[in-house]
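Participant: Residue numbers (my numbering): 86 to 268. Think of the CB as a built atom: it goes at the ideal place given N, C-alpha and C, for glycine as much as any other residue.
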């Protein structure tokens, strides 16, 4: 977790946008998952989708030690049960942000994440709010501030947490505009 958190929620899209949450912070929330499907680097094209790999739960701590910032962008979704086949075009399209913007039912995913510079930008699509709330409750250190998860769930405001203070903030995908003002 970085020394700040910018976060907002769009309940209609079942989407959380954040800056400050790194992949290693999310690993404990994936405890029930069989693992993740992961695309390292930029998305591919419709004709040539980017490659992805299936990683079992026990491989995730080692992944968190890698320099994920160096990848630039990455995408992942958790899976339950059997890992997906590597030739699965639906998984590749989902991770390339070309498919439906929701976790694939075949994976029984709870989360689908698109990130840039691990911790700088995170768009997290989810199946159930309770999974997101549990993840956030375990991820946000009290020193950042006490985020009202019920207010976040409503989706009316964005929030900035830093040094024990929570402030309302604009909801935007333009993370740089917020961070340039705040940091």
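Can you check the stretch 191-233 for any alpha helix (DSSP H) of at least 4 residues that lies completely inside it and give the ranges in chain order?
Facilitator: 214-224
Participant: Would you mind sorting residue 113 into buried or exposed? The rule is 16 or more other CB atoms within 10 Å of its CB.
Facilitator: exposed
Participant: Specify whether the stretch 252-268 and the stretch 90-106 touch according to this definition: at least 3 beta carbon pairs, one from each stretch, less than 8 angstroms apart.
Facilitator: yes
Participant: How is residue 261 classed by DSSP in three states: helix, strand or coil?
Facilitator: Here residue 261 sits in helix by DSSP.
Participant: Excluding the 5 residues flanking residue 253 on each side, which residues of the same chain have their C-beta closer than 6 angstroms to its C-beta?
Facilitator: Contacts found: 242.
Participant: To which residues does DSSP link residue 243 through a beta bridge?
Facilitator: Answer by DSSP bridge pairing, in chain order: 254.
Participant: For residue 110, collect the residues of the same chain with a Cβ closer than 6 angstroms to its Cβ; drop the 5 residues on either side in sequence, then sort them by chain order.
Facilitator: Taken in chain order, the residues that qualify are 86, 224.
Participant: Go through its chain and collect everything with a Cβ distance to residue 127's Cβ below 6 angstroms, but skip five positions before and after it.
Facilitator: 158
Participant: With residue 107 and residue 203 assumed to form a contact (beta carbons below 8 angstroms), what rounded beta-carbon distance in angstroms separates them?
Facilitator: 5 angstroms
Participant: With the cut-off set at 8 angstroms, would you say residue 238 and residue 193 are in Cβ contact?
Facilitator: no
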